[in-house]
Amino acid sequence: MARILTLALGATTAMWVFSYIALLFSGKTGGEVLFVLAALCIPVASRHAKSRIEGAWIGFVSALINLLLIGSIVGGQAPGDMLSLGALWAGGLFVGSIALGVVGSLLHGQLKDCTCEMDWHVGFLAVASTLVFLMLITGGLVTGMEAGLAVPDWPNSYGHNMLLYPLTEMVAQDPEKPGVFFEHAHRLTGMFVGLVSLIMVVCVWFWNANSFVRTIAILIFLFVCLQGLMGGLRVTGLFTLEQNRELLQPNLLLGIVHGVVGQLIFASFVFLCAQFMANRNEAHNATKRGDLRWTSLLCLAMFLQLILGAAYRHTMGDEVLAQKATHILYTHIAFAVIVLVFAIVVGIRYMGRGNITLKKTGVLLHILVMAQLLLGGGALVVIILAKGDSTVPLYEVITTTAHQANGALLLAASFLALAWATKCNNGASTC
7 MARILTLALG
17 ATTAMWVFSY
27 IALLFSGKTG
37 GEVLFVLAAL
47 CIPVASRHAK
57 SRIEGAWIGF
67 VSALINLLLI
77 GSIVGGQAPG
87 DMLSLGALWA
97 GGLFVGSIAL
107 GVVGSLLHGQ
117 LKDCTCEMDW
127 HVGFLAVAST
137 LVFLMLITGG
147 LVTGMEAGLA
157 VPDWPNSYGH
167 NMLLYPLTEM
177 VAQDPEKPGV
187 FFEHAHRLTG
197 MFVGLVSLIM
207 VVCVWFWNAN
217 SFVRTIAILI
227 FLFVCLQGLM
237 GGLRVTGLFT
247 LEQNRELLQP
257 NLLLGIVHGV
267 VGQLIFASFV
277 FLCAQFMANR
287 NEAHNATKRG
297 DLRWTSLLCL
307 AMFLQLILGA
317 AYRHTMGDEV
327 LAQKATHILY
337 THIAFAVIVL
347 VFAIVVGIRY
357 MGRGNITLKK
367 TGVLLHILVM
377 AQLLLGGGAL
387 VVIILAKGDS
397 TVPLYEVITT
407 TAHQANGALL
417 LAASFLALAW
427 ATKCNNGAST
437 C
């Protein structure tokens, strides 16, 4: 079951990535090529299936997840037409996905035997972590494009059920609705993450008897639910189906908290994944006194730096809060020195251990923290260059989103280092 879930989730995640990029180039040859690549994700993944039955199940699970998108295809039609078209699309989706899964499984013999020896429990959580990371990128693009309020209502989208908002309206470059694609795509990705988080809780409950690990899984799921709620209330400010922007109360503070919690969820997924790794206890036994304290300080510093970064990114475009945003930026830059020191210290300590896992973690911390400093400097430069522009230039969106995404990776690496330093007996009831 773990292998089927991992491969199906991996294939579907890749399909969503290709489709997301393809929709950005809709109507162009490049977009059509990407859609073809999206369809090939299922047979590529099901090559790792051990039988045609497993291949069929991979296609079935992928189709089940992709039902989240069917409503967008048939949305906007008359109720009767929507139902009939939806049934046709859903039927075609399942038949096509299952067929592609079976075709891919027939190619299993071309794979080397070693590719099937991985721990599929770890694989599932790693793919789930990747999905959450991709959601962070879509959220970063929303903030970078200043499209957080592009869709005025929630949980609906311009009066439509969120799952039934027409794809044609989503990709239409309507000057009166700028940024709708980025905001609505982020909402759909969030629903994907919510579904996977629910599956994760059930799986972890059966895969690991450790109460600590189970508690982490439950907390992640609860925070994912809270994250979705905060994302919606950030737009409306209150529970309502109203679309009139003048009657809504967008909440800036919730936007900041929403950005912070999203990255903590990603880091927690990585922390949870580490609990299932075969080398987990070996890595912990190689740690020494003081490692837990230093990694905890690094995680705390990263958390505080994350708050400052999110606060600045959400206030920098507000003329009323411009002065406060400047103070936040200076504090963010100064605090980066503290993060740098902690990351270097933890990296050096881990690289000095005799365990290869700790050494790799230490190297990863150093690479990411240096990259973050460079990206942070680049982000500051492009923001200064673009100051006064009526629209956000593409180079600013790319640079600031890259800075945010790498920051998420650095936070996750810090949590990974913390996981190795935390004592936890797999399968036991105590930790």
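If you count the sequence shown from 1, you need to add 6 to reach our numbering. Here a beta-carbon is modelled for each residue, glycine too, at the ideal position from N, C-alpha and C. The structure presented is a predicted model; accordingly, all values stated were derived computationally and were not measured.
Cα-Cα separation between residue 94 and residue 73, rounded to whole angstroms: 12 angstroms
- prompt: If you check the beta carbons only, do residue 150 and residue 406 fall under 8 angstroms apart?
  reply: yes
message: Which of the three DSSP states is assigned to residue 167 in this structure?
response: strand
Residue 361, DSSP secondary structure in three states: coil
- prompt: Since residue 287 sits in a beta bridge, which residues does DSSP pair it with?
  reply: BP columns for residue 287 are empty, so no partner.
- request: Express the C-alpha separation of residue 196 and residue 154 in angstroms, rounding to a whole number.
  value: 14 angstroms
task: Within 10 angstroms of the Cβ of residue 181, are there 16 or more other Cβ atoms? Answer buried if so, exposed if not.
output: exposed
query: So residue 297 is in the alpha helix (DSSP H); what residue range does that whole segment cover?
result: 297-321
query: With 16 other CB atoms within 10 Å as the buried threshold, where does residue 231 fall?
result: exposed
task: Report yes if the CB atom of residue 361 is closer than 8 angstroms to the CB atom of residue 288, and no otherwise.
output: yes
- prompt: Taking DSSP as the reference, what is the three-state secondary structure of residue 162?
  reply: strand
query: Shortest alpha-carbon distance to residue 399 belongs to which of 385, 96, 69 and 278?
result: 385
- request: Give the range of the alpha helix (DSSP H) segment to which residue 189 is assigned.
  value: 186-213
- prompt: Would the beta-carbon of residue 249 fall within 8 angstroms of that of residue 171?
  reply: no
Whole-Å CB distance - residue 131 paired with residue 227, under 8 angstroms assumed: Rounded, the Cβ-Cβ distance is 13 angstroms, inconsistent with contact.
Delimiting residues of the alpha helix (DSSP H) encompassing residue 220: 217-242
message: Using the Cβ count rule (16 or more neighbours within 10 Å means buried), how would you classify residue 323?
response: exposed
query: Hey, is the segment 84-92 in contact with the segment 45-52, meaning 3+ C-beta pairs nearer than 8 angstroms?
result: no
- request: Go ahead and label residue 78 buried or exposed: buried means 16 or more other beta carbons lie within 10 angstroms of its beta carbon, across all protein chains shown.
  value: buried
Anticipated Cβ contact below 8 angstroms, residue 316 with residue 266, distance rounded: 5 angstroms
query: Where does residue 193 land, buried or exposed, given buried means 16+ other C-beta within 10 angstroms?
result: buried
query: Exposed or buried, which one is residue 68 when buried takes at least 16 other CB atoms within 10 Å?
result: buried
task: Could you check how far apart the C-beta atoms of residue 52 and residue 13 are, in whole angstroms? I think they sit under 8 angstroms.
output: 6 angstroms
- request: Using the Cα positions of residue 148 and residue 188, report the straight-line distance between them to the nearest angstrom.
  value: 6 angstroms
query: Roughly how many angstroms lie between the CA atoms of residue 329 and residue 19, to the nearest whole one?
result: 41 angstroms
message: Given this structure, state the Cα-to-Cα distance separating residue 290 from residue 298, to the nearest angstrom.
response: 10 angstroms
- prompt: Among residues of its own chain, excluding the 5 on either side of residue 213, which ones have a beta-carbon nearer than 8 angstroms to its beta-carbon?
  reply: 8, 127 and 282
query: Who are the Cβ neighbours of residue 410 in its own chain at under 6 angstroms, not counting the five residues just before and after it?
result: 146
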